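Q: Residue numbers (our numbering), protein chains in the order written: chain A, 525 to 862; chain B, 21 to 289.
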Amino acid sequence: MAPNRRAVALWASGLSVALVASVIAAVTIGPADIRADEVLASISARLGVGESPLSLLRDGIVWELRLPRVLTAAAVGAGLAIAGTVMQAITRNPLADPYLLGLSSGASLGAVSVLLLGAAIVLPLAAFFGAMLALGLTLLLASSLGAITPTRTVLAGLAVSSLASAITSLVIFWTVTGDSYRQILGWLLGSLAGARWPAVAIAVAGILIAGIPILLRSRVLDAFAFGDVTAASLGVNVSATRWGLLAASALLTGAMVSVSGAIGFVGLILPHAVRLIVGSAHRVLLPMVAIVGAIFLIWADTAARTLFDPRELPVGIVTAIIGAPIFAALLARRRSLT
Amino acid sequence: MTGLDVSGFDVTGLEAARLRIRAGAKLIIDGVDCTVPVGSLTALVGPNGAGKSTLLRALAAVLKPESGAVSFESTELFGMPRRERARTVAFVEQDAATTTAMTVTEVVRLGRLPYESAWGDGSADSERVVVDALATVEMTEFAERDFDTLSGGERQRVLLARALAQQPRLLLLDEPTNHLDIGAQLAVLGLLRRLAAGGMAVLAALHDLPLAASYSDHVVVVSGGRVVAAGPTAQTLTPALIRTVYAVEATVLSNPATKKSVIVLSELG
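#1: Should the segment 104-119 of chain B be regarded as contacting the segment 156-163 of chain B, the criterion being three or more beta carbon pairs within less than 8 Å?
#2: Per DSSP, what kind of secondary structure is residue 605(A) in: helix, strand or coil?
#3: Using beta-carbon positions only, say whether residue 777(A) and residue 628(A) come within less than 9 Å of one another.
#4: Closer than 8 Å is the cut-off here; do at least three beta carbon pairs connect the segment 738-757 of chain A with the segment 599-616 of chain A?
#5: Between the alpha carbons of residue 32(B) and residue 764(A), how many angstroms are there, rounded?
#6: Is residue 120(B) buried or exposed, if buried means 16 or more other CB atoms sit within 10 Å of its CB?
#7: Give the residues from the segment 786-812 of chain A that approach chain B closer than 9 Å (Cβ to any Cβ), ordered along the chain.
#8: Do you know how far the Cα of residue 212(B) is from the Cα of residue 182(B)?
#9: Compute the Euclidean distance between the alpha carbons of residue 552(A) and residue 729(A), then round it to the nearest angstrom.
#10: Does residue 616(A) get closer than 9 Å to chain B when you measure Cβ to Cβ?
#11: Quick check on residue 698(A): buried or exposed, where buried means 16 or more other Cβ atoms within 10 Å of its Cβ?
#12: Near residue 657(A), which residues of its chain fall below 7 Å by C-beta distance, leaving aside the five closest residues on each side in sequence?
#13: Quick check on residue 852(A): buried or exposed, where buried means 16 or more other Cβ atoms within 10 Å of its Cβ?
#14: If you draw a straight line from the alpha carbon of residue 581(A) to that of residue 722(A), how long is it in whole angstroms?
#15: In terms of alpha-carbon separation, which member of 259(B), 274(B), 276(B) lies closest to residue 268(B)?
#16: Reducing DSSP to helix, strand and coil, say where residue 72(B) ends up.
#17: Looking only at C-alpha atoms, which of 824(A), 792(A), 833(A) sits nearest to residue 609(A)?
#18: Taking just the CA atoms, how far does residue 674(A) sit from residue 861(A)?
#19: Jot down the residue ranges of each uninterrupted alpha helix (DSSP H) in the segment 58-126 of chain B, minimum 4 residues, whole runs only, in chain order.
#20: Specify whether the segment 589-605 of chain A and the segment 785-802 of chain A touch according to this definition: at least 3 beta carbon pairs, one from each stretch, less than 8 Å apart.
#21: Could you name the residues of the segment 90-101 of chain B whose beta carbon sits closer than 9 Å to any beta carbon of chain A, in the order they occur along the chain?
#22: Which term fits residue 799(A), buried or exposed, when burial requires 16 or more other beta carbons within 10 angstroms of its beta carbon?
#23: Would you report the Cα separation of residue 279(B) and residue 77(B), rounded to the nearest angstrom?
#24: Between which two residues does the beta strand (DSSP E) harbouring residue 251(B) extend?
#25: Would you identify the three-state DSSP class for residue 672(A), choosing helix, strand or coil?
#26: Quick check: is the beta carbon of residue 195(B) nearer than 9 Å to any beta carbon in chain A?
#27: Output the residue ranges of the alpha helix (DSSP H) runs that lie fully inside the segment 586-652 of chain A and measure 4 residues or longer, sorted by chain position.
#28: Figure out for me which residue from 54(B), 48(B), 86(B) has the closest Cα to the Cα of residue 35(B).
#29: Going by the DSSP bridge assignment, what does residue 271(B) pair with across the sheet?
#30: From the DSSP output, in three-state form, read off residue 238(B) for me.
#31: Should residue 711(A) go down as buried or exposed, given a rule of 16 or more other Cβ atoms within 10 Å for buried?
#32: On the DSSP bridge list, what partners appear for residue 164(B)?
#33: If we count Cβ pairs, one from each stretch, closer than 8 Å, do we get three or more for the segment 123-136 of chain B versus the segment 200-220 of chain B?
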């Protein structure tokens with residue numbers, strides 16, 4: 525099942541086209557009917573080519589509401605999928621994922637804490653520190669249970685995640701009045717309802733700052749397949765690489781969570797799915813998983829905002845409904861790793 | 021500790037001096053000196069728990085000893101840049117396994133890592149080394165197979181090919197014959213002997229004493245974290261030494277065809 529270069533190139537170009545098509549298609553979907561050609565014309569008008577055929581209101585819907593939301597979904601999906609891929613490789617744990625190991629909840633807590641202090645500008649940074657803290661706690665807890673196994677790490681992540689979520693709820697509950705339940709759900713389950721252009725900027729910046737260094741280490745990630753000792757014997761500085769890449773994953777998670785809250789399972793299931801198609805060489809796997817993650821979250825979020833129109837689901841519910849059964853299946857298949 | 025017999029070693033290869041390794045408070049390796057000459061297959065033998073695996077990791081420079089020095093052809097291994105070191109020394113771990121689905125070629129290609137830039141190196145030369153390494157271990161027809169569908173002996177040969185793809189001058193292996201059928205064991209050891217004859221320094225930890233005796237040129241015997249004997253296999257593995265180290269009775273014969281030792285073991289009478 526070695527995918528040859530031509531098959532990989534076909535998949536890569538096919539999925540890239542699918543990503544662009546998904547962005548445009550998702551923007552057309554919603555209460556106000558807007559056709560794909562109108563979306564394209566509106567976008568090119570903004571880029572200085574031609575004039576928008578849409579009324580000011582409908583043009584606003586495309587440019588101020590739907591497009592930034594769809595682009596945020598794409599960036600967050602890509603970011604979480606990359607973070608999950610890296611964590612699975614570096615911890616040799618097929619169950620590793622920023623959500624399951626508590627990073628997302630830690631990031632939520634960090635973000636919520638500074639948000640209420642009124643320091644929105646440092647939101648991604650606070651989310652990063654929250655994610656790092658949660659990761660440290662999870663690994664500490666997992667190692668205190670004995671040898672670090674995948675299942676122990678997930679259990680430790682569950683404990684850390686529950687604690688961080690509880691504190692997040694408490695903080696919001698105490699400080700915010702009115703619509704606080706909705707806000708709590710948004711941070712705990714993940715929601716892209718509030719995503720505007722600043723969210724796009726933060727998510728894309730996260731991918732550029734953390735994602736490119738990760739891509740440049742893709743061959744090193746391959747070396748971890750046979751464990752630390754083999755990686756070291758292949759000339760890899762194991763501890764520096766591990767902590768550097770885990771920090772990059774936390775940064776990526778922090779940036780994504782600060783705009784979307786804690787969306788689960790994207791980082792868990794997509795790496796497994798994409799490995800089945802293109803194999804496990806990270807030089808190919810990482811860009812592909814990013815594209816598939818983007819497409820996946822665009823459609824998950826489109827479902828979240830349209831399925832029960834006019835009410836909107838947090839997108840994390842959609843990803844959990846899809847992801848939780850797959851997680852259970854992975855757990856069953858990896859029984860031997862407990 | 022008996023003196024090292026280095027009289028037969030005319031080419032220096034791997035040299036370790038005064039190695040001490042601690043795991044927590046416990047001293048695992050307690051002042052080890054040993055030598056692995058270029059062009060020979062050296063067996064690292066000793067009872068379970070003697071510290072063979074720990075010693076091998078230190079000799080492969082993946083485990084930093086508390087004190088002591090490891091050098092290859094007079095270059096200190098721990099002082100070398102990591103990538104350059106990985107082009108000199110290759111290490112095959114005991115029971116190396118992966119949960120990642122990889123093809124045989126992908127596994128062998130890992131051995132090219134010390135030669136690659138960040139974006140990898142798909143150069144024809146590099147691919148040629150990978151193909152040659154697979155041919156050397158006679159696994160060419162398995163190139164596109166999934167690693168986890170192979171038998172134990174086939175996996176061991178693929179891991180050996182990965183090590184060979186590093187184009188090392190020193191090859192270290194931890195129990196390369198573990199869990200293998202006798203035929204696969206002999207195939208691996210025969211291969212190691214040919215690699216050594218081709219100019220490599222090869223050190224393999226082996227728990228099967230008769231097998232070590234019939235295949236190795238030199239032997240390093242460790243017990244309780246110390247080297248208790250070392251030198252050419254035939255002169256070193258004596259009945260007295262085997263009785264002291266393993267607490268078993270041994271008769272050592274010489275195979276008239278190969279001039280190698282044949283060891284027959286029995287319980288202490």
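For every residue, glycine included, the Cβ atom is placed at its ideal position computed from N, Cα and C. Remember, it's a predicted structure, so these values are computed and weren't measured experimentally.
A: In terms of the structure at hand:
#1: no
#2: Residue mapping note: residue 605(A) aligns to position 81 of the first sequence, counting from 1. Reduced to three states, the DSSP call for residue 605(A) is helix.
#3: Within the first sequence, numbered from 1, the residue matching residue 777(A) stands at position 253. Within the first sequence, numbered from 1, the residue matching residue 628(A) stands at position 104. Yes, the Cβ-Cβ distance between residue 777(A) and residue 628(A) is below 9 Å.
#4: In short, these stretches touch, since the Cβ pair count reaches three.
#5: Here residue 32(B) corresponds to residue number 12 of the second sequence, with the count starting at 1. Here residue 764(A) corresponds to residue number 240 of the first sequence, with the count starting at 1. Approximately 33 Å, taken between the alpha carbons.
#6: Reading the second sequence from its first residue, position 100 is the one you call residue 120(B). Buried: at least 16 other Cβ atoms inside 10 Å.
#7: Going along the segment 786-812 of chain A in chain order, one finds 799, 800, 803, 804, 805, 807 with a Cβ nearer than 9 Å to chain B.
#8: Locating residue 182(B) in the second sequence gives position 162, counting from the first residue. Locating residue 212(B) in the second sequence gives position 192, counting from the first residue. Using only the alpha carbons, I get a separation of about 14 Å.
#9: Start at 1 with the first residue of the first sequence, and residue 552(A) comes out as number 28. Start at 1 with the first residue of the first sequence, and residue 729(A) comes out as number 205. The alpha-carbon atoms of residue 552(A) and residue 729(A) are separated by roughly 26 Å.
#10: Here residue 616(A) refers to the residue found at position 92 when the first sequence is read from its first residue. Residue 616(A) counts as touching chain B.
#11: Here residue 698(A) is taken as the residue at index 174 of the first sequence, counted from 1. Exposed: under 16 other Cβ atoms inside 10 Å.
#12: Here residue 657(A) refers to the residue found at position 133 of the first sequence. If we look at residue 657(A) and ignore the five residues flanking it on each side, its Cβ neighbours are 630.
#13: Reading the first sequence from its first residue, position 328 is the one you call residue 852(A). Around the beta carbon of residue 852(A), fewer than 16 other beta carbons sit within 10 angstroms, so the residue counts as exposed.
#14: Here residue 581(A) is taken as the residue at index 57 of the first sequence, counted from 1. Here residue 722(A) is taken as the residue at index 198 of the first sequence, counted from 1. In a straight line, the C-alpha of residue 581(A) is about 21 Å away from that of residue 722(A).
#15: Residue numbering aside, residue 268(B) sits at position 248 when the second sequence is read from its first letter. Here the closest residue by C-alpha is 259(B).
#16: Translated into the one-based positions of the second sequence, residue 72(B) becomes position 52. Three-state result, residue 72(B): helix.
#17: One-based indexing of the first sequence puts residue 609(A) at position 85. Answer by Cα proximity: 792(A).
#18: Locating residue 861(A) in the first sequence gives position 337, counting from the first residue. Locating residue 674(A) in the first sequence gives position 150, counting from the first residue. Low per-residue confidence applies at residue 861(A): pLDDT is 46, beneath 50, and the placement is therefore not dependable enough to give any value.
#19: 72-79, 102-106
#20: Contact holds: three or more Cβ-Cβ distances are below 8 Å.
#21: 101
#22: Taking the first sequence and counting its residues from 1, the one referred to as residue 799(A) is at position 275. Its Cβ being crowded by 16 or more others within 10 Å, residue 799(A) is buried.
#23: Taking the first residue of the second sequence as position 1, residue 279(B) is located at position 259. Taking the first residue of the second sequence as position 1, residue 77(B) is located at position 57. Rounded to whole angstroms, residue 279(B) to residue 77(B) spans 32 Å at the Cα level.
#24: Locating residue 251(B) in the second sequence gives position 231, counting from the first residue. If you look at residue 251(B), you'll find it in the beta strand (DSSP E) that goes 246-252.
#25: Looking up residue 672(A) in the first sequence gives position 148. Here residue 672(A) sits in coil by DSSP.
#26: Locating residue 195(B) in the second sequence gives position 175, counting from the first residue. Taking Cβ atoms only, chain A never reaches closer than 9 Å to residue 195(B), which makes this a no.
#27: 591-614, 627-640
#28: As a working mapping, residue 35(B) is identified with position 15 in the second sequence. Nearest option by C-alpha distance: 54(B).
#29: On the second sequence, residue 271(B) is found 251 positions in, with the first residue counted as 1. Paired residue(s): 284(B).
#30: Start at 1 with the first residue of the second sequence, and residue 238(B) comes out as number 218. Reduced to three states, the DSSP call for residue 238(B) is strand.
#31: Locating residue 711(A) in the first sequence gives position 187, where the first residue counts as 1. The residue is buried, with at least 16 neighbouring Cβ atoms inside 10 Å.
#32: The residue labelled residue 164(B) in the question sits at position 144 within the second sequence. According to DSSP, residue 164(B) bridges with nothing at all.
#33: no
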